[in-house]
Amino acid sequence: SGKQTLKIFDGNDAVKRNQFRLISVPRIAKNEEVVEAALRAYYINDDQQEYELQTFTQQALLSDDVINRNDAAEDSNLGSVFRESVPEAWIIRAKPKEEEVIRIYPAWLKVGMAYISLRVNKDSTTQTVIKEVLPLLGRQMECLQNFKLVEVLMGSKQVQRMVLDNQELILNRLKDIRKTSIRQMNQTRFYVVENSKSIVRVNLFVGGLPPQLSPEEYTNILKDELAIKTNVVSVSHVYQAQGAVVLEISCFSEAERIYMLVKDTTVNDKPLNAVVIPEVMASRIARNCCPLLVFVNPKSGGLKGRDLLYSFRKLLNPHQVFELTNGGPLPGFHTFSKVPSFRVLVCGGDGTVGWVLGALEEIRHKLVCSEPSVAILPLGTGNDLGRVLRWGAGYSGEDPYSILVSVDEADDVLMDRWTILLDAEEPAEGAENGIAEPEPPKIVQMNNYCGLGIDAELSLDFHHAREEEPGKFNSRFHNKGVYVKVGLQKISHTRNLHRDIKLQVDQHEVELPSIEGLIFINIPSWGSGADLWGSENDNRFEKPRIDDGLLEVVGVTGVVHMGQVQSGFRSGIRIAQGSYFRVTLLKPIPVQVDGEPWIQAPGQIIISAAGPKV
1278 SGKQTLKIFD GNDAVKRNQF RLISVPRIAK NEEVVEAALR AYYINDDQQE
1328 YELQTFTQQA LLSDDVINRN DAAEDSNLGS VFRESVPEAW IIRAKPKEEE
1378 VIRIYPAWLK VGMAYISLRV NKDSTTQTVI KEVLPLLGRQ MECLQNFKLV
1428 EVLMGSKQVQ RMVLDNQELI LNRLKDIRKT SIRQMNQTRF YVVENSKSIV
1478 RVNLFVGGLP PQLSPEEYTN ILKDELAIKT NVVSVSHVYQ AQGAVVLEIS
1528 CFSEAERIYM LVKDTTVNDK PLNAVVIPEV MASRIARNCC PLLVFVNPKS
1578 GGLKGRDLLY SFRKLLNPHQ VFELTNGGPL PGFHTFSKVP SFRVLVCGGD
1628 GTVGWVLGAL EEIRHKLVCS EPSVAILPLG TGNDLGRVLR WGAGYSGEDP
1678 YSILVSVDEA DDVLMDRWTI LLDAEEPAEG AENGIAEPEP PKIVQMNNYC
1728 GLGIDAELSL DFHHAREEEP GKFNSRFHNK GVYVKVGLQK ISHTRNLHRD
1778 IKLQVDQHEV ELPSIEGLIF INIPSWGSGA DLWGSENDNR FEKPRIDDGL
1828 LEVVGVTGVV HMGQVQSGFR SGIRIAQGSY FRVTLLKPIP VQVDGEPWIQ
1878 APGQIIISAA GPKV
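What follows is the structure, given as structure tokens:
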């Protein structure tokens, strides 16, 4: 054939390791064409005029001499690539330069300026570069000795840092890097960094402790369970409602010991969890900067959550991406507690969003930015809130970078949240000797909807099926199939829920029609996108909005009616609209709030607006 295959090395390091890439070029190719093909093989987009190819015989490659022969080959006269004795391998070399432009990145956040371009020549040293770059970064009044130049190699597997000597010649350093590996040069950045005194301070979040204890009681538990050394460990923050503390540790080995021990420790039969909290230097963040706090639920949406976790950790600073299965949302909010302005991205289903909003409500008073905007990347099934806010029905593999752009461009809207007080008047079943206290009142937060009767019963059956065989519930199609199956089993139910409950809206009794399910809706999407309220105009009610301070109350007559609503053929029976509701249960009835179902004992349910809108 008229083609020839060549081995291409990108520097001495590749030669040493015998790691080459193959290129195929015509036998009559010119030098420039082969250089272009060689650069393309290593994904290097630089101007080919700046590079040349150097030959190595197989014998030279096999000996270590290629690294140690004082670059004798570099001076050899390079003519046509293909001479009569064609060498088996080539190495890419950068042509020597008298001067060039390098990028210097500030190691602190400077909005609107990613880097400074600086021209360096054969006399430029580390010190002269720092002297030139500081005025361009607005730090001209500061002492040169307070700064250093750091070479950072960002490889695919690790990040290596090296502080450059003050008298090091920059052009020589660039030449050495390129000689080692042309590709490595493309992965290397130079940062100007402020010197700081190294103080060992590890912040460790420990969750899973009993709630509502004093700082002294938490310290005693940690002494008993983890044998903490109080001379190097102190409790810096206490979250009593959540049963969590943040430890400040001034010894690396002690921090490591506690971190490993926490994973195997239980208190009151509840496992503890530990998260290392990064230190955010809030005072250095520019005024017009609004960083993103990302929460990912890796259990949502099959394996997509896990993939997104890795993607966002690559695209952003990995310290701003939190895995919800490790300590929940609290470590993330604690990390950002001093940040003056930030936004949140939640990757998960509606339940995950509710979890994060609930945590935000509890910790809001401890945040400098008490009302961050929340974006949603819907994973898993349902995702009614994601649909209403136009994030879509579910993540289908879009480029994670484009999602970050969408979050940046998205508009803020307000949404109501609701508090549901459940006060059972009868004791729980299974009481010893038939004597028992009634269950204490329970408070839950609601974002989307609350259902009583058939809607909650289907959720409960689905929930039980998922608990029995969780491995099967990793696709939306399968999940919907199970919903249909449990629904078909309920088709013959009688419509008598209206006899088992009483409804009061804004202090007025409301007579219920013959129904099997009663649903309170906050958003115009229910059961994976169905419009339960409907779009017809009705003079009795205002047009629903997610920020109007009102809930809509709708009835369904049974499974067939629910199926027709989900198919878009019918809407529910409009019953009421209001801001304060009291439901009296005369017998145990299935209840679900935002997809979490249970059987509620007879008693009162009170629904009212919760705190500020989100």
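The number in my numbering is simply the position in the sequence shown, starting from 1, with 1277 added. For glycine and all other residues, C-beta sits at the position ideal for the given N, C-alpha and C. Since the model is a prediction, treat every value here as computed from it, not as a measurement.
- For Gly1484, the closest of Leu1524, Asp1501, Thr1465 by C-alpha to C-alpha distance is Leu1524.
- Counting only residues of its own chain and dropping the five nearest sequence neighbours on each side, Lys1280 has a CB closer than 8 angstroms to the CB of Ser1301, Val1302, Pro1303, Arg1304.
- Closest by C-alpha distance to Tyr1672, out of Val1684, Gly1659, Leu1654, is Leu1654.
- A distance of 7 angstroms or more separates the beta carbons of Trp1695 and Ile1882.
- Collapsing the DSSP output to three states places Leu1809 in coil.
- Taking every protein chain shown into account, the CB of Asp1732 has 16 or more other CB atoms within 10 angstroms, so this residue is buried.
- Counting only the Cα atoms, Asn1574 lies some 13 angstroms from Gly1609.
- Leu1656 sits close to Gly1626, with the two beta carbons spaced by under 7 angstroms.
- Separation of the CB atoms of Leu1795 and Trp1803 is rounded to 13 angstroms, and the pair is thereby denied contact status at 8 angstroms.
- Counting only runs of at least 4 residues, the segment 1831 to 1883 fully encloses the following alpha helix (DSSP H) elements, listed from N- to C-terminal order: 1836 to 1844.
- Runs of the beta strand (DSSP E) spanning 3 or more residues and lying entirely within the segment 1617 to 1646 occur at 1620 to 1625, in chain order.
- For Lys1500, the closest of Leu1729, Val1539, Lys1408, Gln1597 by C-alpha to C-alpha distance is Val1539.
- Going by C-alpha positions, Gly1631 is about 15 angstroms away from Arg1641.
- The Cβ-Cβ distance between Thr1403 and Glu1445 falls below 7 angstroms.
- If you draw a straight line from the Cα of Met1431 to the Cα of Tyr1320, it is about 16 angstroms long.
- In the three-state scheme derived from DSSP, where H, G and I count as helix and E and B as strand, Leu1827 is classed as coil.
- When secondary structure is reduced to three states using DSSP, Gly1578 falls in the coil class, being assigned neither helix nor strand.
- Here Ile1407 is buried, its C-beta having at least 16 other C-beta atoms within 10 Å.
- DSSP places Tyr1587 in the helix class (H, G or I) of the three-state scheme.
- For Pro1595 and Asn1289, the gap between their C-alpha atoms comes out near 32 angstroms.
- By the CB criterion at 7 angstroms, Ile1369 and Ala1291 fall outside the cutoff.
- Minimum Cα-Cα distance from Thr1465 among the listed residues Asn1449, Thr1602, Arg1438 corresponds to Arg1438.
- Exclusion of the five residues before and after Gly1520 leaves Leu1486, Pro1487, Pro1488 as the residues of its chain whose Cβ lies within less than 6 angstroms of its Cβ.
- Gln1331 is bridged by DSSP to Ile1368.
- Residues of the same chain with a CB within less than 7 angstroms of the CB of Tyr1678, apart from the 5 flanking positions on each side, are Leu1592 in chain order.
- Thr1696: not part of any alpha helix (DSSP H); member of the beta strand (DSSP E) spanning 1695 to 1701, first to last residue.
- For Thr1403, there is no enclosing beta strand (DSSP E); the enclosing alpha helix (DSSP H) has its first and last residue at 1403 to 1413.
- Here the C-alpha atom of Tyr1392 lies approximately 19 angstroms from the C-alpha atom of Arg1450.
- For Glu1310, the uninterrupted alpha helix (DSSP H) run begins and ends at 1308 to 1318, by DSSP.
- If you compare the alpha carbons of Asp1777, Gln1869, Asn1480 with that of Leu1863, the shortest gap goes to Asp1777.
- Taking the C-beta atoms as reference points, Val1436 is found no nearer than 7 angstroms to Ile1381.
- At the C-beta level, Pro1821 and Leu1737 stay beyond 7 angstroms of one another.
- DSSP places Val1552 inside the beta strand (DSSP E), whose first and last residues are 1550 to 1554.
- Sequence-distant partners of Leu1681 (beyond 5 residues in either direction) whose C-beta falls short of 6 angstroms from its own C-beta are missing from its chain.
- Proximity to Ala1887 across Glu1788, Cys1624, Phe1613, Val1721 peaks at Val1721, based on C-alpha coordinates.
- Separation of Leu1413 and Lys1374 (C-alpha to C-alpha, rounded to the nearest whole angstrom) is 25 angstroms.
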